[in-house]
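Q: Let me give you the structure first, and then I'll get to my questions.
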Amino acid sequence: MKRKTAAAVLLGAALFVTGCSGNTDSAVTSAEETQTAAETEAPSGDTEAESEEDSESDTEAQSEGQSESDTEAQTEAAETEPSYQALDYVTLGDYTGLEVTLLKIEATDEEVQEQVDANIQSSGKMETLDEGTVENGDIAVIDFEGKLNGEAFEGGTSKDYELEIGSGSFIDGFEDGLIGVDVGETVDLNLTFPEGYSNSELAGQDVVFTVTVNEIQRVPELTDGLAAELNEDCDTADAYREYVRESILTSKRENQYGQMLNDLYTQIYTGSTINSYPEDVVSFRTAQMRAYYESMAEESDMEFVDFLSQYLSMTEDDFNSQATAIVQASMAQELLMNAIAEQEKLEVDDTYYEENIDSYVEMTGADSRETLVSTYGEETLRETMRMDMAMNFVVDHCVITNPEDQVEEEDTEAETAAGTETEAAEAQADASEAQTEADTETSEETAAAETETESAEDTAQVSETESAEDTAQASETESGTEAQTEAQS
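When you line the sequence shown up against mature numbering (1 follows the signal peptide of the UniProt record, and there is no 0), it's residues -22 to -1, 1 to 467, in that order.
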């Protein structure tokens, strides 16, 4: 199973620089729109000389601004983030022997068929029917018109609309009302919009939809030929179904592994204590965030405090406190993983780096090593690898339990114990019956000859020998059963 812990860490590292880019993007857009509007509304009576003067002035200002900006960027790039020892700030709890429960992973036949149908539909291999009856799961190509109190309402009319029957994309009763309708047939559906419908004018209203079914698109049966079209490596329908089944299992395993990592980290986090944060690192990262937002304010031709107030609805003090809180929260996992790496003396040497860098290229979707390194920096990648090594160490030393395996083990032990008790009861009954027969024979043959007595003794010895052999054999069988049970466990 592939271990995928890098992507989240790398994205987290990137956020230290970019901050809340969504808000700032909208701010820049608004600022640019405002600036464009202002230029459009400017008086058109400027003289040519004024225009040239303004142009020269703007060029000089831009040149100076770019020069200063480039110098500042180079200065910031030259700065290096302070280093720290995580164990100076963290008291680790248990991180080995942690228990996680993994449920059995399976792909049902129903799941496989649903995915096969979805693949056929997305590949454009649907069968088009010019006649026939609409069934659940079909795509009905329809014309429809909705009317409220006899009047067509806005948004209630469409032509050649492709509606998947059973998708639940239309209001209750619409899709069900088309099941059994023939191609070319027109029906009226008397329906009611739900009370909580987004359009208040239609919410709770009774309406009539007039619907005509133009054609039906249906998922065809999966044949060997269709399977080969869907995947050139599958020459039969059964082979394609197995391919889909394995794809489903792979996806579920990856999801389960991710959930396991989250579970393990949560246990580490709750069991450990972050006593404090390295102040110089926090200051460095909050300064990066501030510089980012200050650049956005400058691009919007605004003072920083005005930018914060207008676009982020906060004061400068609010920004500083929130930036610090964001940095500290994002450092929690980093501190804990680095503390484990320090405790276990885990290091990323050049050999390990070269052997693993390509997996990080794949996980982040970068098009090359060079792109990945230029985006995040080699030092950040090495730090990320080290934290992943720590998490992998935790995984290698955790205890994985499976409830279904436990149930199977308990059932096997119960069956073994029941079988042993039954065998013991049967043996006891046989012994009691043999004793009764022996007593009867002794009473009837009291006057028998000495030779008959010797013969009886010989028979008894043989019986005892056979009994002993049977007992030994039964004991060996029971021991074998117990050993087999333990091996299965």
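A virtual CB, placed ideally from N, CA and C, is assigned to each residue, including glycine. Nothing here was measured: the structure is a model prediction, and the numbers come from that model.
CB-CB under 6 Å to T76, same chain, minus the five flanking residues each way: which ones, in chain order?
A: Per the sequence shown, the amino acid found at residue 76 is Leu instead of Thr. Excluding sequence neighbours, L76 sits near L242, Q245 and C376.
Q: Can you name the residues that DSSP bridges to Y270?
A: Answer is none; Y270 lacks a bridge partner.
Q: Measuring straight from C-alpha to C-alpha, what distance separates F148 and K103?
A: C-alpha separation (whole angstroms): 25 Å.
Q: Take every Cβ of the region 123 to 143, pair it with every Cβ of the region 79 to 98, and state whether three or more of those distances are shorter than 8 Å.
A: No: the two stretches stay apart, fewer than three of their Cβ pairs being nearer than 8 Å.
Q: Can you give me the start and stop residues for the beta strand (DSSP E) that S136 sits inside?
A: Per DSSP, S136 belongs to the beta strand (DSSP E) from E129 to E142.
Q: Judging by CA-CA distance, which residue of Y289, L156 and I252 is the nearest neighbour of L313?
A: Considering only alpha carbons, the answer is I252.
Q: By Cβ distance, which residues of its chain are closer than 8 Å to L169, with the 5 residues on each side in sequence left out?
A: Around L169: I149, D150, G151, F152, G155, D184, V185, V186 and F187.
Q: From the DSSP output, read off the bridge partner residues of D154.
A: Bridge partners of D154: none, in fact.
Q: Once the 5 residues before and after A118 are set aside, which same chain residues still bring their CB inside 7 Å of it?
A: Cβ within range, chain order: V112, L141, I143, L156, V191 and I194.
Q: Report all residues from its chain with a CB closer than 8 Å to the CB of T379; omit the five preceding and five following residues, and keep chain order.
A: Cβ within range, chain order: E77, V78, T79 and L80.
Q: Would you please state the rounded distance, in angstroms, between the beta carbons of E92 and F262? I believe it to be under 8 Å.
A: E92 to F262, Cβ: 50 Å. No contact.
Q: Am I right that A317 and L70 are in contact with their C-beta atoms under 8 Å? What's the rounded C-beta distance?
A: Rounded, the Cβ-Cβ distance is 5 Å, consistent with contact.
Q: Which class does F168 belong to by DSSP, given the choice of helix, strand or coil?
A: Position check: residue 168 holds Asn in this sequence, whereas Phe was assumed. Looking at N168 - three-state DSSP - the assignment turns out to be strand.
Q: Mind checking whether G182 and D72 have CB atoms under 8 Å apart?
A: Their beta carbons are not under 8 Å apart, which means G182 does not touch D72 by this criterion.
Q: Provide the residue span of the beta strand (DSSP E) that contains E105, from first to last.
A: It spans E105 to L107 - the beta strand (DSSP E) in which E105 sits, taken as one unbroken run.
Q: Note down, in chain order, each residue of its chain lying with its Cβ closer than 8 Å to the Cβ of D284, except the 5 sequence neighbours on either side.
A: Closer than 8 Å at Cβ, skipping near neighbours: A275.
Q: Using DSSP's beta-bridge definition, name the partner residues of R196.
A: E105, per the DSSP bridge assignment.
Q: Using DSSP with H/G/I as helix, E/B as strand and the rest coil, what is K230?
A: Three-state result, K230: helix.
Q: Does the distance from the C-beta atom of V197 to that of G115 stay below 8 Å?
A: Yes; because the gap between Cβ atoms is below 8 Å, this pair is in contact.
Q: When the Cα atoms are used, what is the spatial distance from V339 to T353?
A: In a straight line, the C-alpha of V339 is about 11 Å away from that of T353.
Q: Which class does E257 belong to by DSSP, given the choice of helix, strand or coil?
A: Helix at E257.
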